[in-house]
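Chemist: Residue numbers (my numbering): -15 to 297. One structure coming up, written as structure tokens, with questions to follow.
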């Protein structure tokens, strides 16, 4: 679900309803109700409209779908995965403590109390619906954490390292060597010299390991800030690379986090993928057919996920 903003969040899961003292237990639904699905559908609809206006729903994807159809399909997959995670949590005996249940319950109350009467009526929800979906989402995070706790996910600075470079591609080695000679002269400017040959100034760009041809990557990462590479011959021409910065600290930190998440995702998918194959979950068509973005013009809420992030990070 890589293009669906808040719904793209990988951690998606499960749970039985949260009893609190003096309240009856709410039985876990076999699937999600229309109201519970509308919490996510309304969040995503409003979030996109706030950025792109309601014209986004008329946008057509490459496969001929409207963006509305595409997003609704993504939400359906999200909800089905979420319910599958419920089963996985139960299978592994992963539950929420009373303290965790209390936190989720307070979060649900906070979200629900912030809705207008029109929004509540449009989604058709109760506070208990909100609590169920929040609990499932919280449980999902807990499932992933617990099932990947013993996996080595460490990412070194070296493998996450990001550098910034400029590069120029020339048609033949002779031209490239001549340009390199001028670039090695004291006071030379890479951008100006490259422009004199190609007619354009090469932009500064950040690169990391694994995305460039091996020869160019090896040459670029061996340079110190300010250094110029030897001529690098690739299939499409002869390259010269200038290292602008041999360590981009903030970008490296972000890359490290990205790699960590990818590894965690991979490790978890080894467990989840098999479980999902054996435990098919599908929202009934009679429920899904009632889900749409029509109506609810007075509904503007889009903070279901942002409130969760504020509370739990």
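Positions of the beta carbon are idealized from the N, C-alpha and C atoms, including for glycine. Because the structure is a prediction, the values reported are computed rather than measured.
What residue range is occupied by the uninterrupted alpha helix (DSSP H) comprising residue 216?
Modeler: Element bounds for residue 216: not the alpha helix (DSSP H) but the beta strand (DSSP E), 216 to 218.
Chemist: Does residue 222 come out as helix, strand or coil in the three-state DSSP assignment?
Modeler: Looking at residue 222 - three-state DSSP - the assignment turns out to be strand.
Chemist: Does the structure place the segment 127 to 134 close enough to the segment 76 to 84 that three or more beta carbon pairs sit under 8 Å?
Modeler: Yes: at least three Cβ pairs fall under 8 Å.
Chemist: Do residue 19 and residue 333 count as a contact pair if the criterion is CB distance below 8 Å?
Modeler: With the chain covering -15 to 297 only, the question about residue 333 has no answer from this structure.
Chemist: Whole angstroms is fine: what's the gap from residue 286's alpha carbon to residue 102's?
Modeler: Going from the Cα of residue 286 to the Cα of residue 102 covers about 14 Å.
Chemist: Could you please give the first and the last residue of the uninterrupted beta strand (DSSP E) stretch that includes residue 190?
Modeler: That run of the beta strand (DSSP E) goes 189 to 192.
Chemist: Just the C-alpha distance for residue 255 and residue 152, rounded to the nearest angstrom, thanks.
Modeler: Approximately 45 Å between the Cα atoms of the pair.
Chemist: On the criterion of 16 or more Cβ atoms from any shown chain inside 10 Å, does residue 136 qualify as buried, or is it exposed?
Modeler: Residue 136 is exposed by the Cβ-count criterion.
Chemist: Taking 7 Å as the limit between beta carbons, can you name the residues of its chain near residue 263, skipping five residues before and five after?
Modeler: For residue 263, where only same-chain residues beyond five positions count, the Cβ hits under 7 Å are 68 and 71.
Chemist: By the three-class DSSP mapping on this structure, what secondary structure does residue 17 have?
Modeler: Here residue 17 sits in coil by DSSP.
Chemist: Do you know whose CA, among 90, 36, 202 and 41, lies nearest residue 294's CA?
Modeler: Closest by alpha carbon: 90.
Chemist: Leaving aside the five residues before and after residue 41 along the sequence, list all residues of the same chain whose C-beta is less than 7 Å from its C-beta, in chain order.
Modeler: Within the same chain, residue 41 has close Cβ partners 50, 51, 52 and 277.
Chemist: Measuring only the C-alpha atoms, how far is residue 220 from residue 252?
Modeler: Spanning the two alpha carbons is a distance of roughly 39 Å.
Chemist: Considering only C-alpha positions, which residue in the set 217, 163, 119 and 61 is nearest to residue 82?
Modeler: Among 217, 163, 119 and 61, the Cα nearest to that of residue 82 is on 119.
Chemist: Using the Cα positions of residue 268 and residue 29, report the straight-line distance between them to the nearest angstrom.
Modeler: Residue 268 and residue 29: Cα-Cα distance of roughly 22 Å.
Chemist: What is the C-beta distance between residue 298 and residue 207, in whole angstroms, given that I count them as a contact (C-beta under 8 Å)?
Modeler: Shown here, the chain extends from -15 to 297; a query on residue 298 therefore has no answer.
Chemist: Assign residue 8 to buried or exposed, taking buried as 16 or more other Cβ atoms, counted over all protein chains shown, within 10 Å of its Cβ.
Modeler: Unreliable placement is indicated for residue 8, whose pLDDT of 36 sits below 50; the coordinate value is still reported in the next sentence. The residue is exposed, with fewer than 16 neighbouring Cβ atoms inside 10 Å.
Chemist: Would you mind reading off the limits of the alpha helix (DSSP H) that contains residue 99?
Modeler: Where residue 99 is concerned, there is no enclosing alpha helix (DSSP H), given that its DSSP letter is neither H nor E.
Chemist: Do you know whose CA, among 170, 148, 85 and 236, lies nearest residue 122's CA?
Modeler: Of the candidates 170, 148, 85 and 236, the one whose C-alpha sits nearest the C-alpha of residue 122 is 85.
Chemist: Drop a sphere of 10 angstroms on the beta-carbon of residue 245, count the other beta-carbons inside from all chains shown, and report buried for 16 or more, exposed for fewer.
Modeler: Per the 10 Å Cβ criterion, exposed.
Chemist: In whole angstroms, what separates the C-alpha of residue 158 from that of residue 187?
Modeler: Distance between the alpha carbons of residue 158 and residue 187: 23 Å.
Chemist: At the level of alpha carbons, what is the spacing between residue 145 and residue 216?
Modeler: Straight-line Cα distance between these residues: approximately 21 Å.
Chemist: I'd like the span of the alpha helix (DSSP H) that includes residue 146, first residue to last.
Modeler: Premise fails: residue 146 lies in the beta strand (DSSP E), 146 to 154, not in any alpha helix (DSSP H).
Chemist: What three-state label does DSSP hand residue 50 in the structure shown?
Modeler: Here residue 50 sits in strand by DSSP.
Chemist: Using the C-alpha atoms, what's the distance from residue 92 back to residue 297?
Modeler: In a straight line, the C-alpha of residue 297 is about 16 Å away from that of residue 92.
Chemist: From this set, 32, 62 and 243, which residue's C-alpha is nearest residue 265's C-alpha?
Modeler: Selected option, being the one with the closest Cα: 62.
Chemist: According to DSSP, which residues form a beta bridge with residue 212?
Modeler: In the DSSP output, where bridge partners are listed per residue, residue 212 has 226.
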